[in-house]
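**Student:** In the working numbering, the protein residues as written are 55 to 616.
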């Protein structure tokens, strides 16, 4: 019996025989000079390969009912006029074969996303590599493994799994998924959680040792992969599976129950989402509303060309339709939509927010800074939000705020947008609450000032922790220093809560701390009564709250803050 440890991206226990995806053929990109006369023929080779991949994606789209946004994004990437024009210009300038220039341009775009400083967008770098990698395979006549060969009900073992191949998750009723590469915000992770497939990544040793048809137990809750388990382990996990089945039945009861402690103190439990589809899942899981709608994926998914060869943006109409749908799904429940948390270095090159090369994008022109520096794109988003406001209970949130002046200016722009819409005869809700993300040490320290100009606070614990401690949470070399329970982080949160209470404005937490049962209890003991998390965690947190009293929660926090 061998045991391998990784990192969980979708909890649960899976049992079945292993099926190992064979190593992909190593892609070797030739570099061959071409003449100016050969540029047209090289370009036609690219167009043929690109259109072939687009046809394959369209065929896949017709076979699925949910999470279509993921695959529609790929179609949009392939058809993107800006990327294609840049590629054509690069081909003419460099005069090398199209495989070489495509590989270079693909890597350039993917790296921009990885350097973005935004987890969700960083994961999209893999999408660029995936979809244009498929075009490269067409050009190089490389034929990857056919995912249709995967048997039903297996534990799938692979180096990585691209979103375009991830339909296997739903079609083949996988028992589990074990990967070397991946991330919690990747499309594969989203799909695995949506379909309830246990999944673990960061398993480099496992893929080297496991062969097809070996007996596997994948405990994705504790991130363990067990190969050829002994009789005692099999028996233990049979009991765990039975217990888990009973626990799931109990958890289902909490979907319709209000969130409250054992002694009756009420809580508000919301969901974090990135797509319209996730809003439906959140509602099914018993969310009282949406505590954070990240709009970055919408911008990735709905890119529209403004003019041939020009930069691009997302149309007001496309944004309006997405916001309207989410508000309609949630009905009277509150929906907090965060304005674009992106920077000028992103793949999202917009007409009003040009590309800016920065040594440290995480600290650069991003989020509210970019919105205020290039207000036209900000106004377009606000127009769409206010137009949608009449369809539900909307709240608007500004990211990465560090000064009172930023909030005042953002509110002034919002007021101007409302004036313009009313002058046009558009029906809106003018009194939409305008709040901020508290995710920097600066915001936590001056929370008393920010509370005077904000209608609500939402603490983003992910960035608050890394900015306060000076630790890049994506850097494995310093991962041990990333500590959300660090006294400095806890004190900044306490200061934020105190300022909100003094000004009588609501405060919630929408970072990862809110969605983990242990840290959610600590936040509750600190005084937080509103938590926003992944939909899959809602019933778990409700269950834990129901088993504990406020005094016990306060004792947990008091012990931790010492």
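We put the beta carbon where it would ideally sit given N, CA and C, even for glycine.
Any contact of the segment 147-165 with the segment 96-109, i.e. 3+ C-beta pairs under 8 angstroms?
**Tutor:** Yes, the segment 147-165 is in contact with the segment 96-109.
**Student:** Helix, strand or coil for residue 82, going by three-state DSSP, please let me know.
**Tutor:** In this structure, residue 82 counts as coil in the three-state DSSP scheme.
**Student:** Verify whether the separation of the beta carbon atoms of residue 324 and residue 584 is less than 8 angstroms.
**Tutor:** yes
**Student:** Pull the bridge partners of residue 135 from the DSSP assignment, please.
**Tutor:** In the DSSP output, where bridge partners are listed per residue, residue 135 has none listed.
**Student:** Decide if residue 162 is buried, meaning its Cβ has at least 16 other Cβ atoms within 10 Å, or exposed.
**Tutor:** exposed
**Student:** Taking 8 angstroms as the cut-off, does the segment 539-554 touch the segment 329-338 (at least 3 CB pairs, one atom from each stretch)?
**Tutor:** no
**Student:** Straight-line CA distance for residue 590 to residue 247?
**Tutor:** 7 angstroms
**Student:** If we call anything under 8 angstroms between Cβ atoms a contact, is residue 215 one with residue 233?
**Tutor:** yes
**Student:** Taking 6 angstroms as the limit between beta carbons, can you name the residues of its chain near residue 189, skipping five residues before and five after?
**Tutor:** 103, 104 and 107
**Student:** Can you name, in chain order, every residue of its own chain whose Cβ lies under 7 angstroms from the Cβ of residue 83, other than the five neighbours on each side?
**Tutor:** Cβ neighbours of residue 83 within its own chain (closer than 7 angstroms, five residues either side excluded): 153, 154 and 157.
**Student:** Can you look up residue 599 in the DSSP assignment and give me helix, strand or coil?
**Tutor:** helix
**Student:** In the structure shown, what three-state DSSP assignment does residue 498 receive?
**Tutor:** helix
**Student:** Do residue 492 and residue 519 have their C-beta atoms closer together than 8 angstroms?
**Tutor:** Not closer than 8 angstroms, so no.
**Student:** At the level of alpha carbons, what is the spacing between residue 399 and residue 229?
**Tutor:** For residue 399, the predicted model reports a pLDDT of 42, less than 50, meaning its position is unreliable and no value from the coordinates is stated.
**Student:** Closest to residue 368 by C-alpha separation, out of 431, 258, 320 and 73, would be which residue?
**Tutor:** 431
**Student:** Between 562, 531 and 293, which has its C-alpha nearest residue 490's C-alpha?
**Tutor:** 562
**Student:** Applying the 10 Å Cβ sphere with the 16-neighbour rule, what's the burial state of residue 59?
**Tutor:** exposed
**Student:** Using DSSP's beta-bridge definition, name the partner residues of residue 273.
**Tutor:** 67 and 278
**Student:** Relative to the C-alpha of residue 521, which residue among 272, 495 and 451 is closest?
**Tutor:** 495
**Student:** For residue 443, I'd like the list of residues in its chain whose CB is within less than 6 angstroms of its CB, leaving aside the five on either flank, ordered along the chain.
**Tutor:** 482, 483 and 486
**Student:** Hey, quick one: how far does the alpha helix (DSSP H) through residue 569 stretch, first residue to last?
**Tutor:** Segment: none, residue 569 is in no alpha helix (DSSP H) and carries neither H nor E.
**Student:** Label residue 143 either buried or exposed according to how many other C-beta atoms from any shown protein chain fall within 10 Å of its C-beta, with 16 as the threshold for buried.
**Tutor:** exposed
**Student:** Residues in the same chain with beta-carbon distance under 7 angstroms from residue 377, minus the five sequence neighbours each way, listed in chain order, please.
**Tutor:** Residues of the same chain with a CB within less than 7 angstroms of the CB of residue 377, apart from the 5 flanking positions on each side, are 391, 438, 439 and 442 in chain order.
**Student:** Tell me, please, which residues DSSP counts as bridged to residue 314.
**Tutor:** Answer is 320.
**Student:** Would residue 339 be called buried (16 or more neighbouring beta carbons within 10 Å of its own) or exposed?
**Tutor:** Burial state of residue 339 is buried, judged by a 10 Å Cβ sphere holding 16 or more other Cβ atoms.
**Student:** Check residue 256 in the structure and name its three-state DSSP category.
**Tutor:** coil
**Student:** Who are the Cβ neighbours of residue 472 in its own chain at under 8 angstroms, not counting the five residues just before and after it?
**Tutor:** 440, 482 and 484
**Student:** How long is the line joining the alpha carbons of residue 132 and residue 186, rounded to whole angstroms?
**Tutor:** 8 angstroms
**Student:** For residue 390, write down the residues that DSSP places opposite it in a beta bridge.
**Tutor:** 449
**Student:** Any idea if residue 223 is buried or exposed, counting beta-carbon neighbours within 10 angstroms, 16 or more meaning buried?
**Tutor:** buried
**Student:** Could you please give the first and the last residue of the uninterrupted beta strand (DSSP E) stretch that includes residue 346?
**Tutor:** It spans 344-348 - the beta strand (DSSP E) in which residue 346 sits, taken as one unbroken run.
**Student:** Verify whether the separation of the beta carbon atoms of residue 72 and residue 206 is less than 8 angstroms.
**Tutor:** no
**Student:** Beta-carbon within less than 7 angstroms of residue 65's beta-carbon, same chain only, minus the 5 sequence neighbours each way: which residues are those?
**Tutor:** 252, 274 and 275
**Student:** Find the nearest neighbour of residue 453 within the set 394, 318, 299 and 91, judged by alpha-carbon distance.
**Tutor:** 394
**Student:** Mapping DSSP to helix, strand and coil, what is residue 230?
**Tutor:** In the structure shown, residue 230 sits in a strand (DSSP, three-state: E or B).
**Student:** Say whether the segment 291-309 touches the segment 572-586, bearing in mind that this needs 3 or more beta-carbon pairs closer than 8 angstroms, one atom from each stretch.
**Tutor:** no
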